[in-house]
Amino acid sequence: MKRLKALDVLLLLVLLPAWGAALALHVRQIYRGRLAWVGVFVAAPATRTEHPTVRGFWPGTDGAASGLLVGDRLVRAGGADLRGIGPVGFVARAASEADAALRVPIVYERDGRRQEATLQLTPARYPWRILPLVVSLVGAGALVLLRVPDAPIGRAFFLAALAFAAHWTFFPGGPPVQTYAWAVTFLLASLVTFPLWLRAVLLLPEQAVPAGRPLPWWPWAFSVFGLLAFSWVFGTPLPPPLGQQGSLGVNVVFIATLLAVITRGFRRAGPVGRRQLKWVVYGLYMGLVPVLLTDLVTALVPRLWWLHEAAVIAEAAIPLSIIIAIVRFNFFDIDRLIAATAVYTFLSFVLLAGLFTLVPPAARLASGSLGFDPSTAQVLLSGLLAASIVPGRRYLTAPVDRYFFSERYTLSEGIDGLLRELALGRTREELLALAGQRLQALLRTGTCSVYAQRGDGFGLLFQRGGPSLPALLPPSSPMLAAIAPWNAPIDLQGRGVAGRRRGPGRDAVETLALLRALVILPVRRGDLLAAFVALGEKRSGDVYTARDLALLSAVANQLAGDLLRLDLGRYAPRTVVETLVRNPSALELEAREVTVLFSDMRGSTRFAEALPPEGLRLFHDEFFPAMADVVGSHGGLLVKTIGDAVMALWNAPLSTPDHAARAGGAALEMLATLEPLNRRWASRGWPEVAIRVGIHTGDALVGNFGSAARVEYDARGDTVNVASRLEGLCDAYAARVVVSEATRGRLGDAFLCRPLDRVRVRGRSQPVDVHEILALRVLDGDGRLAGLADDFTAALEAYRARRWDDALLRFERLARERPDDRLVQLYLARCRALRAAPPREDWDGVFEAPAH
Numbered sequence: 011m012k013r014l015k016a017l018d019v020l021l022l023l024v025l026l027p028a029w030g031a032a033l034a035l036h037v038r039q040i041y042r043g044r045l046a047w048v049g050v051f052v053a054a055p056a057t058r059t060e061h062p063t064v065r066g067f068w069p070g071t072d073g074a075a076s077g078l079l080v081g082d083r084l085v086r087a088g089g090a091d092l093r094g095i096g097p098v099g100f101v102a103r104a105a106s107e108a109d110a111a112l113r114v115p116i117v118y119e120r121d122g123r124r125q126e127a128t129l130q131l132t133p134a135r136y137p138w139r140i141l142p143l144v145v146s147l148v149g150a151g152a153l154v155l156l157r158v159p160d161a162p163i164g165r166a167f168f169l170a171a172l173a174f175a176a177h178w179t180f181f182p183g184g185p186p187v188q189t190y191a192w193a194v195t196f197l198l199a200s201l202v203t204f205p206l207w208l209r210a211v212l213l214l215p216e217q218a219v220p221a222g223r224p225l226p227w228w229p230w231a232f233s234v235f236g237l238l239a240f241s242w243v244f245g246t247p248l249p250p251p252l253g254q255q256g257s258l259g260v261n262v263v264f265i266a267t268l269l270a271v272i273t274r275g276f277r278r279a280g281p282v283g284r285r286q287l288k289w290v291v292y293g294l295y296m297g298l299v300p301v302l303l304t305d306l307v308t309a310l311v312p313r314l315w316w317l318h319e320a321a322v323i324a325e326a327a328i329p330l331s332i333i334i335a336i337v338r339f340n341f342f343d344i345d346r347l348i349a350a351t352a353v354y355t356f357l358s359f360v361l362l363a364g365l366f367t368l369v370p371p372a373a374r375l376a377s378g379s380l381g382f383d384p385s386t387a388q389v390l391l392s393g394l395l396a397a398s399i400v401p402g403r404r405y406l407t408a409p410v411d412r413y414f415f416s417e418r419y420t421l422s423e424g425i426d427g428l429l430r431e432l433a434l435g436r437t438r439e440e441l442l443a444l445a446g447q448r449l450q451a452l453l454r455t456g457t458c459s460v461y462a463q464r465g466d467g468f469g470l471l472f473q474r475g476g477p478s479l480p481a482l483l484p485p486s487s488p489m490l491a492a493i494a495p496w497n498a499p500i501d502l503q504g505r506g507v508a509g510r511r512r513g514p515g516r517d518a519v520e521t522l523a524l525l526r527a528l529v530i531l532p533v534r535r536g537d538l539l540a541a542f543v544a545l546g547e548k549r550s551g552d553v554y555t556a557r558d559l560a561l562l563s564a565v566a567n568q569l570a571g572d573l574l575r576l577d578l579g580r581y582a583p584r585t586v587v588e589t590l591v592r593n594p595s596a597l598e599l600e601a602r603e604v605t606v607l608f609s610d611m612r613g614s615t616r617f618a619e620a621l622p623p624e625g626l627r628l629f630h631d632e633f634f635p636a637m638a639d640v641v642g643s644h645g646g647l648l649v650k651t652i653g654d655a656v657m658a659l660w661n662a663p664l665s666t667p668d669h670a671a672r673a674g675g676a677a678l679e680m681l682a683t684l685e686p687l688n689r690r691w692a693s694r695g696w697p698e699v700a701i702r703v704g705i706h707t708g709d710a711l712v713g714n715f716g717s718a719a720r721v722e723y724d725a726r727g728d729t730v731n732v733a734s735r736l737e738g739l740c741d742a743y744a745a746r747v748v749v750s751e752a753t754r755g756r757l758g759d760a761f762l763c764r765p766l767d768r769v770r771v772r773g774r775s776q777p778v779d780v781h782e783i784l785a786l787r788v789l790d791g792d793g794r795l796a797g798l799a800d801d802f803t804a805a806l807e808a809y810r811a812r813r814w815d816d817a818l819l820r821f822e823r824l825a826r827e828r829p830d831d832r833l834v835q836l837y838l839a840r841c842r843a844l845r846a847a848p849p850r851e852d853w854d855g856v857f858e859a860p861a862h
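If you want the numbering used here, it's the position in the sequence shown, counting the first as 1, plus 10.
This is how it looks when you write it as structure tokens:
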């Protein structure tokens with residue numbers, strides 16, 4: 011915080027305590043219920059020995075109710091003698107002498123006779139309404155003065171805020187001297203409040219004010235408001251009707267002048283100044299338009315004067331908007347706020363118009379034709395009309411954006427289109443070059459460059475505008491060191507321009523100056539920097555707003571996801587990619603339980619020889635996406651394709667408690683998906699395609715096995731090897747889906763399985779019990795597959811127990827029921843051979859699987 015000037019310190023030390031004392035009296039009067047208006051205007055006596063006479067009554071006050079008439083000579087107010095008392099003195103004594111019910115006994119003289127009456131003071135309407143406004147306004151003024159003490163706007167706004175607050179901090183009542191003090195404060199504040207506000211607005215924005223040029227004198231012409239407002243309250247020195255109507259008229263002229271000054275400043279301002287003024291205009295619109303409307307109404311119908319005081323509540327929006335304009339003008343996107351306000355203002359106008367013009371006749375029509383009670387029909391129709399605001403907002407928002415903020419609308423729509431285009435990119439260079447070209451065109455920047463990782467360094471991939479940049483940034487480049495830590499757009503516009511709280515340090519800003527950029531967009535692949543886009547100044551001169559940075563951040567996330575997708579494989583599910591983009595630590599190597607699926611084509615060599623190269627490419631374009639969709643729909647990740655083989659993974663990188671069951675379901679759906687594909691391929695004259703699937707569950711090392719230049723998410727270890735070997739066993743057992751005992755134990759009762767064998771696969775000394783998934787139990791309507799599984803399990807148990815005759819009988823019965831079951835034929839041959847030549851006593855039933 012910069013050091014305050016001596017005059018500013020004096021202003022703070024004098025004016026703040028003085029206004030604080032006035033505010034304390036104001037609160038005290040409100041709390042005691044003593045804040046009230048004396049509804050009688052008096053004319054000062056000609057001499058100090060005479061009494062004041064009634065001159066008129068407060069607008070909307072029934073003078074006859076008190077018994078007083080114009081011309082009555084007032085002698086006493088309660089216990090106070092009114093001899094020689096003028097308008098202000100009468101108000102002071104009447105307020106002081108009022109009882110708890112705000113009644114004042116009056117002795118007056120009419121036609122030479124003294125009479126008594128009771129004057130009822132008028133309580134201030136909504137007495138607490140002014141407190142939030144004045145407190146926030148003075149606080150805003152002091153904050154601005156402290157934040158920008160070297161700027162003229164700081165002192166000007168502080169004085170304007172204090173003048174306005176003093177004008178509205180009423181504290182008549184109590185001892186007469188208190189009312190006299192308030193009268194002086196009210197007059198002085200009313201004389202200067204409009205001129206000080208105009209002078210403050212003339213100083214905003216700073217960029218539009220020529221240095222050293224004095225401010226014009228004409229704002230002081232609005233000092234006439236002080237005399238008019240004083241006459242409205244005290245009936246002097248001008249006639250009370252002139253004071254009231256003149257005050258309201260000056261109010262209208264002041265607001266119009268204020269808006270004209272702001273409009274002129276907006277046209278002269280730069281991009282930052284324009285956004286500051288948008289905040290001021292928005293606050294003035296929200297705060298003054300209700301006052302303007304009620305002033306016009308009150309000028310036509312004086313008895314509705316209380317509407318003016320009620321409308322002042324809306325002015326609390328003014329100090330808030332001014333603080334934001336000066337201190338943090340991009341805290342919110344003011345363009346979106348203005349657009350939303352315009353939409354809701356229009357809809358509110360339509361709603362009110364409909365309530366008064368359409369609903370009553372429609373309710374009468376409905377009651378006549380449908381028999382509804384008119385009041386019930388009116389309530390229902392009003393509710394329907396109010397409910398139309400939500401779809402109305404959706405319908406109007408886009409047209410309002412297009413009309414008022416065409417550049418912002420075009421950018422938002424263009425970014426949406428760019429995100430869709432990026433999803434179609436097939437190479438890293440295509441993606442990044444496309445992003446640079448589109449962003450440069452959408453933002454209309456003077457310069458734009460894209461650097462992408464090339465070896466250990468970063469190479470220049472794209473450049474538009476500006477002097478030539480280095481073709482290669484080495485790994486030791488300070489620019490890379492400055493960009494690498496950032497995950498969000500780097501804003502180099504200067505503190506507070508885009509509403510950010512933290513930016514790069516001075517050294518980093520100087521280092522990045524070579525790129526001639528105002529915003530740098532880092533693109534990460536996992537936790538590594540993969541590329542960055544440097545965007546220069548907009549040709550429109552506008553700043554990069556918080557909304558712009560949010561859109562650019564979306565582009566960076568999309569690029570990061572698509573680059574990661576290219577590394578993971580084009581078939582990686584978007585949910586997995588988005589998770590890894592949001593949480594790069596999920597790429598770190600870790601040991602965890604996973605389920606691995608391997609799938610390969612039967613007779614792939616023969617199939618490839620039967621198709622021309624174009625047909626083989628078309629086959630891959632149809633086969634692999636179909637398999638990837640199945641894997642992804644079951645929560646898995648297609649890790650890689652090798653020739654015609656597929657490797658998929660569950661429970662990594664996303665945790666999936668039922669990963670084994672999901673893999674089993676995916677295997678069955680892969681088989682089912684082949685049926686319509688085979689019909690399509692048969693129509694082209696292609697051979698039928700069959701696949702075999704192996705699944706195993708166990709611990710594996712998963713994560714990124716790639717380099718700094720490429721992410722390679724994979725799983726490695728014994729679990730992966732076993733899954734691959736199980737896929738190779740499918741042909742040996744004439745099975746479509748072979749799973750290990752570890753997987754079978756996690757499948758649950760939803761799957762129908764039968765045991766296949768106990769095998770020792772290559773590379774593993776311990777045998778593995780393997781099973782075949784037959785189908786989902788829910789699809790076995792007649793129970794035939796369940797019977798097969800039970801009968802085959804019983805036969806295999808007899809085989810493993812060396813009960814050859816029993817095993818032969820069971821397998822022979824299965825062979826008669828299922829003559830095409832090759833697995834049954836396999837065990838029939840084994841049983842006959844082992845019965846003829848029994849194995850050794852230490853035979854464990856383990857089959858040595860051939861190498862695969």
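From the three backbone atoms N, C-alpha and C, an ideal C-beta is built for every residue, glycine too.
(message) Can you tell me whether Thr615 is helix, strand or coil according to DSSP?
(response) Taking the sequence shown and counting its residues from 1, one reaches residue 615 at position 605. Thr615: helix per DSSP, three-state reduction.
(request) Would you mind working out which of Gly275, Ala327, Thr273 sits nearest Val299, comparing C-alpha positions? (result) If you number the sequence shown from 1, residue 299 lands on position 289. Checking every option, the nearest Cα to that of Val299 belongs to Ala327.
(message) Is it the case that the region 83-90 contacts the region 24-34, given that we only count it when at least three CB pairs across the two stretches are under 8 Å?
(response) no
(request) Specify, as a first and last residue, the run of the alpha helix (DSSP H) that Ile493 falls within. (result) Here residue 493 refers to the residue found at position 483 when the sequence shown is read from its first residue. Its alpha helix (DSSP H) spans residues 488-493.
(request) Check the C-beta distance from Val260 over to Ile272 and give it rounded, since I have them as a contact under 8 Å. (result) Counting from one through the sequence shown, the residue named residue 260 turns up at place 250. Counting from one through the sequence shown, the residue named residue 272 turns up at place 262. Rounded, the Cβ-Cβ distance is 18 Å, inconsistent with contact.
(message) Tell me the rounded alpha-carbon separation between Gly758 and Gly625.
(response) Counted from its first residue, the sequence shown places residue 758 at position 748. Counted from its first residue, the sequence shown places residue 625 at position 615. So the two alpha carbons sit approximately 41 Å from each other.
(message) Less than 8 Å between C-beta atoms, sequence neighbours within five positions excluded: which residues of the same chain meet that for Pro55?
(response) Here residue 55 is taken as the residue at index 45 of the sequence shown, counted from 1. Closer than 8 Å at Cβ, skipping near neighbours: His61, Pro62, Thr63, Arg93, Gly94, Ile95, Gly96.
(message) Can you tell me whether Leu434 is helix, strand or coil according to DSSP?
(response) Taking the first residue of the sequence shown as 1, we reach residue 434 at position 424. In this structure, Leu434 counts as coil in the three-state DSSP scheme.
(message) Quick check on this structure: which residue in Gly81, Ala105, Ala324, Thr585 has the alpha carbon closest to the alpha carbon of Arg120?
(response) Here residue 120 refers to the residue found at position 110 of the sequence shown. The residue with the shortest Cα to Cα distance from Arg120 is Gly81.
(request) Would you mind giving the Cβ-Cβ distance between Ala725 and Val604, rounded to the nearest angstrom? I have them listed as a contact below 8 Å. (result) Taking the first residue of the sequence shown as 1, we reach residue 725 at position 715. Taking the first residue of the sequence shown as 1, we reach residue 604 at position 594. Yes, Ala725 and Val604 are in contact; Cβ-Cβ is about 6 Å, under 8 Å.
(request) May I ask you to verify whether the region 565-580 touches the region 676-689, counting CB pairs closer than 8 Å and requiring at least 3? (result) no
(message) For the structure I just gave you, are there three or more beta carbon pairs, one from the region 733-752 and one from the region 765-774, closer than 8 Å?
(response) yes
(request) Answer yes or no: do Gly43 and Phe67 have a C-beta to C-beta separation smaller than 9 Å? (result) Position 33 of the sequence shown, counted from the start, is the residue given in the question as residue 43. Position 57 of the sequence shown, counted from the start, is the residue given in the question as residue 67. No.
(message) According to DSSP, is Val609 part of a helix, a strand, or is it coil?
(response) Looking up residue 609 in the sequence shown gives position 599. It should be noted that the sequence gives Ser, not Val, for residue 609. Strand, per DSSP.
(message) Bridge partners for Cys458 per DSSP, in chain order?
(response) For the purposes of this step, residue 458 is taken as the residue at position 448 of the sequence shown. DSSP lists Arg474, Leu545 as partners of Cys458.
(message) Using 8 Å as the cut-off, can you tell me whether the region 496-506 makes contact with the region 426-438, which would need three or more C-beta pairs spanning the two stretches below that distance?
(response) no
(request) For the alpha helix (DSSP H) containing Tyr554, list its first residue and its last residue. (result) Taking the sequence shown and counting its residues from 1, one reaches residue 554 at position 544. Careful: Tyr554 lies outside any alpha helix (DSSP H) and carries neither H nor E.
(request) Quick one: residues in its chain with C-beta nearer than 7 Å to the C-beta of Leu314, no 5 flanking neighbours on either side, listed in chain order? (result) If you number the sequence shown from 1, residue 314 lands on position 304. Closer than 7 Å at the Cβ level, and outside the excluded window around Leu314, lie Val307, Thr308.
(request) Compare the C-alpha of Thr179 against each of Ala150, His36, Pro480 and name the closest. (result) The residue labelled residue 179 in the question sits at position 169 within the sequence shown. Nearest of Ala150, His36, Pro480 to Thr179, Cα basis: His36.
(request) Give a yes or no on whether the C-beta atoms belonging to Val703 and Met657 are separated by under 9 Å. (result) Here residue 703 refers to the residue found at position 693 of the sequence shown. Here residue 657 refers to the residue found at position 647 of the sequence shown. Cβ atoms of Val703 and Met657: not closer than 9 Å.
(message) By the DSSP assignment, the beta strand (DSSP E) with Asp866 in it spans what residues?
(response) Residue 866 lies beyond the stretch modelled for the chain, which goes from 11 to 862, so this question has no answer here.
(request) Out of Leu806, Ala321, Asn661, Leu310, state which residue places its alpha-carbon closest to the alpha-carbon of Leu818. (result) Translated into positions along the sequence shown, residue 818 becomes position 808. For the residues Leu806, Ala321, Asn661, Leu310, the minimum Cα distance to Leu818 belongs to Leu806.
(message) In whole angstroms, give me the CA-to-CA distance for Gly476 and Glu619.
(response) Reading the sequence shown from its first residue, position 466 is the one you call residue 476. Reading the sequence shown from its first residue, position 609 is the one you call residue 619. For Gly476 and Glu619, the distance between alpha carbons rounds to 55 Å.
(request) In the DSSP assignment, find the unbroken beta strand (DSSP E) run with Asp709 in it and report its ends. (result) One-based indexing of the sequence shown puts residue 709 at position 699. Looking at the DSSP string, the run of the beta strand (DSSP E) that includes Asp709 is 701-714.
(message) Assuming Arg115 is part of the beta strand (DSSP E), what are its boundary residues?
(response) By one-based count along the sequence shown, residue 115 stands at place 105. Rather than Arg, the amino acid found at residue 115 in this sequence is Pro. From DSSP, the beta strand (DSSP E) with Pro115 extends over 113-120.
(request) Would you decide whether Asn714 is buried or exposed? Buried here means 16 or more other CB atoms lie within 10 Å of its CB. (result) Within the sequence shown, residue 714 is the residue found at index 704, counting from 1. It is buried - the Cβ of Asn714 has at least 16 other Cβ atoms within 10 Å.
(request) Mind checking which residues open and close the alpha helix (DSSP H) that includes Phe67? (result) Taking the first residue of the sequence shown as position 1, residue 67 is located at position 57. Per DSSP, Phe67 belongs to no alpha helix (DSSP H); it is in the beta strand (DSSP E), 63-67.
(request) Determine the extent of the alpha helix (DSSP H) in which Arg754 is found, giving its start and end residues. (result) In the sequence shown, residue 754 corresponds to position 744, counting from 1. 751-757 is the extent of the alpha helix (DSSP H) around Arg754.
(message) In whole angstroms, give me the CA-to-CA distance for Arg746 and Ile705.
(response) On the sequence shown, position 736 is the one that residue 746 refers to. On the sequence shown, position 695 is the one that residue 705 refers to. Here the alpha carbon of Arg746 sits roughly 11 Å from the alpha carbon of Ile705.
(request) Tell me Tyr41's beta-bridge partners as DSSP assigns them. (result) On the sequence shown, position 31 is the one that residue 41 refers to. BP columns for Tyr41 are empty, so no partner.
(request) Going by DSSP, name the residue or residues bridged to Gly469. (result) On the sequence shown, position 459 is the one that residue 469 refers to. Paired residues: Ala462, Leu482.
(request) For Arg864, I'd like the list of residues in its chain whose CB is within less than 7 Å of its CB, leaving aside the five on either flank, ordered along the chain. (result) Outside the modelled stretch of the chain, which goes from 11 to 862, sits residue 864, for which no answer is possible.
(message) Extract the residue ranges of the alpha helix (DSSP H) inside the region 785-856, only unbroken runs of 4 or more that lie entirely within it.
(response) 794-810, 814-827, 832-846
(request) Rank Val202, Pro329, Phe244, Leu647 by C-alpha distance to the C-alpha of Trp230 and give the top, closest one. (result) Position 220 of the sequence shown holds residue 230. Checking every option, the nearest Cα to that of Trp230 belongs to Val202.
(message) Residues in the same chain with beta-carbon distance under 7 Å from Val771, minus the five sequence neighbours each way, listed in chain order, please.
(response) Counting from one through the sequence shown, the residue named residue 771 turns up at place 761. Counting only Cβ-Cβ distances below 7 Å, and skipping sequence neighbours, we find Val732, Arg735, Val778, Ala859.
(message) Tell me which residues share the same chain as Gln450 and place their Cβ nearer than 6 Å to its Cβ, disregarding the 5 neighbours each side in the sequence.
(response) As a working note, residue 450 is residue 440 in the sequence shown. If we look at Gln450 and ignore the five residues flanking it on each side, its Cβ neighbours are Cys458, Arg474.
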